[in-house]
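This report refers to the structure that appears directly beneath it.
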Amino acid sequence: MTMQYYPVLIEALQVVIVLLGAPVLVGWVRMVKCWTQGRRSAGLLQPLRDISKLLVKDTVLARNASWVFTATPYIVFGATLMAGAIIPVVSADLPMAATADIIALVAIFAVARFFTALAGLDTGTAFGGMGTSREMMVSSLAEPAVLMSVFTVSLVSHSTSLSYMVHEMTTVSLVLRPSLAFALLAFILIAIAETGRIPVDNPSTHLELTMIHEAMVLEYSGRHLALMEWASMMKLFLFSALGISLFLPWGIAGIDDPAMIPWALLALTGKLALLGVLLVLVETGLSKMRIFRVAEFLGMAFLLATLGMLSYFILE
Amino acid sequence: MPSPFDLVCVSIAAFLLISLVPALLARHQSFLVNFTSLLSAGASLLAATGGFLSVLTGGAEAMVLPIGLPDLPFYMRLDPLSGFFVTIVGLLGFFVSIYSAGYLRGFLGRRSVAPIIVFCNVFMAGMLLVLVAADAYFFMVSWELMAVSSFFLVFFEDELVENRRAAFIYILIAHIGAILILLSFGIMAGSATGFESFSAYTFEAMRSATPTPLWTSIAFAAAFIGFAAKAGVIPLHVWLPEAHPAAPSNVSALMSGVMLKTAVYGILRVGFDLAGEPELWWGGVVLVFGLVSAVLGILYALMQDDIKRLLAYSSVENIGITLIAVGLSMIFAFEKMNTLSALALAAALYHMLNHAVFKGLLFMGAGAVLHATHERSMERLGGLIHKMKWTAPLFLVGCLAASGLPPFNGFVSEWLIFQSFLLTPALPGRLLNVLIPLGAAALALAAALSARGFVKVFGITFLGHWRGRKGAEAVEVNRPMRAAMVMAALSCLALGIFPTHVIGWLDSVPMSLVGGGIGMTARSSGWLWLTPVAAERASYSAPLVFIFVAVVTGVIYLAFRARRARVRRAPFWDCGFEKMTPRMQYTATSMSMPTRRIFGFVFIIRESVKAVAHQASPLFPEKYVYRLKVRDRVWNWCYKPVADASFSLARSVGRLQRGRIQVYLLYSFVTLVLLLVFA
Chain A
66 MTMQYYPVLI EALQVVIVLL GAPVLVGWVR MVKCWTQGRR SAGLLQPLRD
116 ISKLLVKDTV LARNASWVFT ATPYIVFGAT LMAGAIIPVV SADLPMAATA
166 DIIALVAIFA VARFFTALAG LDTGTAFGGM GTSREMMVSS LAEPAVLMSV
216 FTVSLVSHST SLSYMVHEMT TVSLVLRPSL AFALLAFILI AIAETGRIPV
266 DNPSTHLELT MIHEAMVLEY SGRHLALMEW ASMMKLFLFS ALGISLFLPW
316 GIAGIDDPAM IPWALLALTG KLALLGVLLV LVETGLSKMR IFRVAEFLGM
366 AFLLATLGML SYFILE
Chain B
5 MPSPFDLVCV SIAAFLLISL VPALLARHQS FLVNFTSLLS AGASLLAATG
55 GFLSVLTGGA EAMVLPIGLP DLPFYMRLDP LSGFFVTIVG LLGFFVSIYS
105 AGYLRGFLGR RSVAPIIVFC NVFMAGMLLV LVAADAYFFM VSWELMAVSS
155 FFLVFFEDEL VENRRAAFIY ILIAHIGAIL ILLSFGIMAG SATGFESFSA
205 YTFEAMRSAT PTPLWTSIAF AAAFIGFAAK AGVIPLHVWL PEAHPAAPSN
255 VSALMSGVML KTAVYGILRV GFDLAGEPEL WWGGVVLVFG LVSAVLGILY
305 ALMQDDIKRL LAYSSVENIG ITLIAVGLSM IFAFEKMNTL SALALAAALY
355 HMLNHAVFKG LLFMGAGAVL HATHERSMER LGGLIHKMKW TAPLFLVGCL
405 AASGLPPFNG FVSEWLIFQS FLLTPALPGR LLNVLIPLGA AALALAAALS
455 ARGFVKVFGI TFLGHWRGRK GAEAVEVNRP MRAAMVMAAL SCLALGIFPT
505 HVIGWLDSVP MSLVGGGIGM TARSSGWLWL TPVAAERASY SAPLVFIFVA
555 VVTGVIYLAF RARRARVRRA PFWDCGFEKM TPRMQYTATS MSMPTRRIFG
605 FVFIIRESVK AVAHQASPLF PEKYVYRLKV RDRVWNWCYK PVADASFSLA
655 RSVGRLQRGR IQVYLLYSFV TLVLLLVFA
């Protein structure tokens with residue numbers, strides 16, 4: 066009887082991992098960044114402490130903030146959690162993966178971004194509008210590239226349903242397929258843009274004229290800010306997990322193989338830790354680009370992804 | 005139980021009769037508006053029911069009307085393809101009729117609404133007649149009826165010179181298209197009888213004829229260009245952004261929502277039904293034109309600051325997306341892959357239904373904003389969400405649907421088109437293998453850019469502070485307008501949440517056109533999951549996604565409401581800058597600046613900044629004057645050469661006119677002599 070409940074348990078485990086693992090990943094990235102810069106870090110759990118601090122604080126709203134502004138944090142958090150429920154992190158056997166495939170996943174992230182952009186315009190400040198305009202520019206160039214990149218993977222794995230894709234990719238070798246190599250390169254570039262890391266956007270800047278994502282959430286406080294910060298941490302976690310599941314999926318528990326889950330958890334922790342170190346190396350080594358250079362950066366990612374798809378059609 | 009065909013015929017007759025009512029009631033304008041709107045709504049509902057039943061049962065019915073020329077009676081036929089489009093016309097007609105009851109009240113006292121009511125009902129009748137016409141003559145008569153009545157509708161507020169110019173360009177391009185369509189029918193009818201007689205003018209005769217591939221291709225090319233002119237495909241789209249803003253908003257909703265669809269109906273009818281089996285290059289041409297229209301349409305939309313022009317260009321983009329799906333379907337049909345062709349065709353049909361509903365909703369919302377503020381430019385709007393408490397959320401639903409975001413309907417059709425693209429590796433042929441990934445890339449780009457455009461429309465119009473010069477006296481609009489928008493918004497949600505039912509319903513159309521259907525496989529995992537090909541391949545469960553996000557959002561909201569933390573209101577933070585005025589907000593031009601930087605090569609842009617110096621010293625500027633002019637390159641590439649050539653040709657022919665009667669008598673004498681010699 067317990068065998069029937071396994072998928073539900075795995076799904077619940079997945080959601081808990083996404084919710085708690087995201088702040089821990091961000092904490093790890095900040096720790097490694099402090100080590101490379103010779104500073105003392107605040108600890109692995111500091112983002113969790115920040116979120117719980119924000120949750121108990123009062124919320125201050127602008128006088129002309131409308132219902133769009135107050136509803137956005139909940140919608141963004143709900144949509145990001147939905148995305149978290151469908152990306153296989155520890156097991157490919159995920160019942161919710163049948164409800165939304167990879168195209169729907171990109172669209173769910175787009176819903177969260179749409180509402181965040183509207184919240185930026187809502188209070189009528191100059192910085193909010195600037196953040197919205199820049200974010201929509203970056204996303205309108207990044208979204209086609211991410212779609213092309215995952216289309217290449219879905220062509221190789223003959224499916225767009227995430228659990229089937231991951232299952233198929235465990236049997237495919239990355240190196241022997243040039244289309245996957247192009248798609249991986251493009252995905253790395255896109256992930257940097259979508260999650261708002263250097264060289265596209267600096268998540269820890271205090272200068273408003275250099276902000277993209279932060280400028281849209283400038284007016285939020287209290288529990289609204291807690292939800293927006295948590296959603297942004299979950300987005301970093303989910304993009305990393307998506308890249309790992311699609312391109313480096315070895316170690317993930319297969320379908321009907323729940324005993325592998327503790328090993329899968331260990332493998333995931335190791336891969337994410339390594340990814341965090343690589344991310345810090347990129348962030349510390351590179352500087353933030355001028356805003357209109359981002360268009361060339363994303364154009365290159367788009368080109369690489371389309372080349373990947375073309376090479377699939379022509380060579381395979 | 006009346007048959008679907010009877011319902012549609014009654015509906016057409018009803019529309020024609022309603023158009024006569026204003027002649028009787030012209031004195032009592034307010035009663036006229038309410039009465040005719042109610043009658044139109046009823047007639048639209050009849051048509052929608054007839055179309056719905058026709059697609060559901062999948063059969064075809066025909067009739068011959070003895071009116072028309074002697075020996076050339078009118079043939080009428082309602083088959084699933086016509087029935088599908090009749091449903092779209094009826095559904096949107098129903099919403100717009102109820103909306104008109106409220107919208108036309110704004111004209112009472114200022115001008116007579118009789119012309120609008122007469123021509124609107126003739127327009128609806130014309131569109132329905134186009135859809136059920138089954139011979140070339142009746143089709144052209146109905147097509148002209150539709151074009152001329154919509155010309156008078158665009159021409160309604162004719163005291164403005166830009167409206168007159170818009171109407172002229174509209175009727176000019178419509179007639180160029182009509183000539184090409186007539187030529188195409190002529191070729192198909194003529195080649196059936198060896199160009200000897202006119203007797204093969206019915207669609208039935210054209211269907212059973214087998215002309216040579218050369219003539220078939222010429223017929224299809226002429227028909228495609230002719231229908232593309234009416235559909236607003238680039239480069240024949242220039243009338244769309246002029247005509248839609250010029251017309252009153254309820255008419256814009258109808259034109260954008262259903263008239264463009266009748267043009268796509270024409271392409272489907274000729275391409276799949278009348279001209280025989282599709283050739284490979286037909287699908288390729290349709291696909292390429294669709295891609296160009298999709299990408300360029302949305303780029304032009306991003307540059308606009310007039311709400312209705314932006315929505316008009318967005319219609320160009322959506323017609324492009326529909327043609328992409330139609331092109332894919334033709335390519336699959338040529339390779340005899342009937343199920344995949346049915347998938348692409350179902351995606352195209354679904355997208356047209358979705359576009360009609362959400363574009364109708366958006367134009368109705370734009371009309372509501374215009375009705376309330378008398379302002380069409382986004383640069384002078386803002387903050388309307390506080391004053392128009394119903395229009396704002398409904399317009400937001402339209403924007404979400406148009407951007408292709410779940411759980412609304414725009415996402416489902418775009419998802420189906422992407423799935424068709426991902427199934428193309430099954431195709432043989434090398435050239436297509438290069439075209440298809442580029443096509444998918446262009447479609448993804450268009451879809452992403454449309455989200456940007458709609459964030460701009462909703463954000464600048466409704467959010468922030470009022471950007472206009474004078475005070476903001478906007479009030480919420482009246483009940484019929486709100487009711488119509490609510491119904492359209494609920495339809496958007498319903499079409500997005502229940503895709504399996506919609507695909508199951510419209511399955512008879514691909515079945516009749518390409519001989520394949522996806523209704524069975526779409527429902528194979530139950531009604532909750534949409535699995536167009538197979539569950540392992542792709543599955544999407546719209547109700548579950550909607551429920552999950554709603555439940556999570558609701559639970560967290562309630563959990564937080566239960567806490568004691570307070571919510572205070574204060575002036576906005578803006579990083580401590582105190583002297584914010586409404587003029588410092590982002591405007592529509594600001595939001596389109598990244599587009600100008602990145603995609604500026606697509607347009608002709610003239611930008612100038614001039615500093616007006618203070619009278620005391622030129623070093624201290626008093627104000628800046630910023631001018632921006634963005635024009636469509638298509639005017640200079642396609643239309644100006646043609647206009648210049650025709651003017652120079654007319655001038656050189658005009659040299660024959662000397663003005664002296666002796667010269668004209670000499671011309672007649674020479675012509676007579678030549679005719680006598682050569683005849």
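Protein chains in written order, with my numbering: chain A, 66 to 381; chain B, 5 to 683.
By construction, the Cβ of each residue, glycine as well, lies at the ideal position given by its N, Cα and C atoms.
Of the listed residues the options, nearest to residue i (C-alpha basis)
{"i": "B/Asn482", "options": "B/Ser318, B/Leu108, B/Gly457", "result": "B/Leu108"}
{"i": "A/Phe362", "options": "A/Ala296, A/Leu331, A/Pro160, A/Asp266", "result": "A/Asp266"}
{"i": "A/Asn129", "options": "A/Gly185, A/Ile356, A/Phe302", "result": "A/Gly185"}
{"i": "A/Gly189", "options": "A/Ser156, A/Ser131, A/Ile151, A/Leu84", "result": "A/Ser131"}
{"i": "B/Tyr544", "options": "B/Arg527, B/Val556, B/Thr557", "result": "B/Arg527"}
{"i": "B/Ile507", "options": "B/Val559, B/Leu676, B/Leu420, B/Ser454", "result": "B/Leu420"}
{"i": "B/Ala178", "options": "B/Glu477, B/Ala233, B/Gly261", "result": "B/Ala233"}
{"i": "B/Met131", "options": "B/Ala563, B/Phe415, B/Gly87, B/Leu532", "result": "B/Gly87"}
{"i": "B/Val320", "options": "B/Phe276, B/Pro70, B/His248, B/Lys340", "result": "B/His248"}
Cα-Cα separation between residue i and residue j, rounded to whole angstroms
{"i": "A/Ala144", "j": "A/Val176", "result": "7 Å"}
{"i": "B/Gly519", "j": "B/Ile238", "result": "31 Å"}
{"i": "A/Pro327", "j": "A/Pro314", "result": "15 Å"}
{"i": "A/Tyr139", "j": "A/Ala338", "result": "29 Å"}
{"i": "A/Ala360", "j": "A/Val203", "result": "7 Å"}
{"i": "B/Ala592", "j": "B/Ile609", "result": "16 Å"}
{"i": "B/Tyr590", "j": "B/Thr465", "result": "11 Å"}
{"i": "A/Pro72", "j": "A/Leu90", "result": "25 Å"}
{"i": "B/Val681", "j": "B/Val674", "result": "11 Å"}
{"i": "B/Phe78", "j": "B/Leu510", "result": "28 Å"}
{"i": "B/Leu327", "j": "B/Pro245", "result": "19 Å"}
{"i": "A/Ala366", "j": "B/Leu278", "result": "44 Å"}
{"i": "A/Leu85", "j": "B/Val479", "result": "47 Å"}
{"i": "A/Arg95", "j": "A/Ser297", "result": "15 Å"}
{"i": "A/Gly373", "j": "A/Leu249", "result": "9 Å"}
{"i": "B/Leu264", "j": "B/Gly324", "result": "11 Å"}
Host beta strand (DSSP E) of residue i (start-end)
{"i": "B/Glu65", "result": "65-73"}
{"i": "B/Leu632", "result": "625-636"}
{"i": "B/Pro8", "result": "Counting along the chain, B/Pro8 falls outside any beta strand (DSSP E), though it belongs to the alpha helix (DSSP H) covering 8-22."}
{"i": "A/Ile263", "result": "Run containing A/Ile263: none; DSSP gives neither H nor E here."}
{"i": "A/Pro209", "result": "Element bounds for A/Pro209: not the beta strand (DSSP E) but the alpha helix (DSSP H), 191-222."}
{"i": "B/Lys614", "result": "607-617"}
Boundaries of the alpha helix (DSSP H) in which residue i is found, first to last residue
{"i": "A/Lys118", "result": "111-121"}
{"i": "A/Ile167", "result": "167-187"}
{"i": "A/Leu303", "result": "287-312"}
{"i": "B/Tyr317", "result": "311-338"}
{"i": "B/Ala76", "result": "Looking at the sequence itself, residue 76 of chain B is Leu, so the reference to Ala does not match. Here B/Leu76 belongs to no alpha helix (DSSP H); instead the beta strand (DSSP E) covers 76-82."}
Beta carbon of residue i nearer than 9 Å to that of residue j
{"i": "B/Met144", "j": "B/Phe19", "result": "no"}
{"i": "B/Pro503", "j": "B/Leu534", "result": "yes"}
{"i": "A/Ser205", "j": "B/Met595", "result": "no"}
{"i": "B/Leu374", "j": "B/Arg380", "result": "yes"}
{"i": "B/Arg655", "j": "B/Gly106", "result": "no"}
{"i": "B/Leu426", "j": "A/Phe216", "result": "yes"}
{"i": "A/Val211", "j": "A/Leu245", "result": "no"}
Neighbour list for residue i in chain D, Cβ cutoff strictly below 9 Å
{"i": "B/Phe502", "result": "You won't find chain D in this structure, because its protein chains are A and B."}
Worksheet item: Three or more C-beta pairs closer than 8 Å, one from the stretch 435-447 of chain B and one from the stretch 225-232 of chain A: is that the case here?
Response: With a cut-off of 8 Å, the stretch 225-232 of chain A and the stretch 435-447 of chain B do not count as touching, because too few Cβ pairs lie within range.
Worksheet item: Do three or more CB pairs link the stretch 114-124 of chain B to the stretch 36-44 of chain B at distances below 8 Å?
Response: Judged by Cβ distances under 8 Å, the stretch 114-124 of chain B makes contact with the stretch 36-44 of chain B, as three or more pairs qualify.
Worksheet item: Quick check: the stretch 161-173 of chain B against the stretch 215-226 of chain B, are there 3 or more CB pairs under 8 Å?
Response: Contact annotation: the stretch 161-173 of chain B does not touch the stretch 215-226 of chain B, with fewer than three C-beta pairs closer than 8 Å.
Discussion item. Across the stretch 288-295 of chain B and the stretch 323-333 of chain B, are there enough close Cβ pairs to call them in contact, namely three or more that are closer than 8 Å?
Written reply: The stretch 288-295 of chain B, when compared against the stretch 323-333 of chain B, does touch it at the 8 Å Cβ threshold.
Practice prompt. Evaluate contact between the stretch 141-157 of chain B and the stretch 178-189 of chain B, counting only Cβ atoms and requiring at least three cross-stretch pairs below 8 Å.
Written response: Counting Cβ pairs under 8 Å, three or more are found: they touch.
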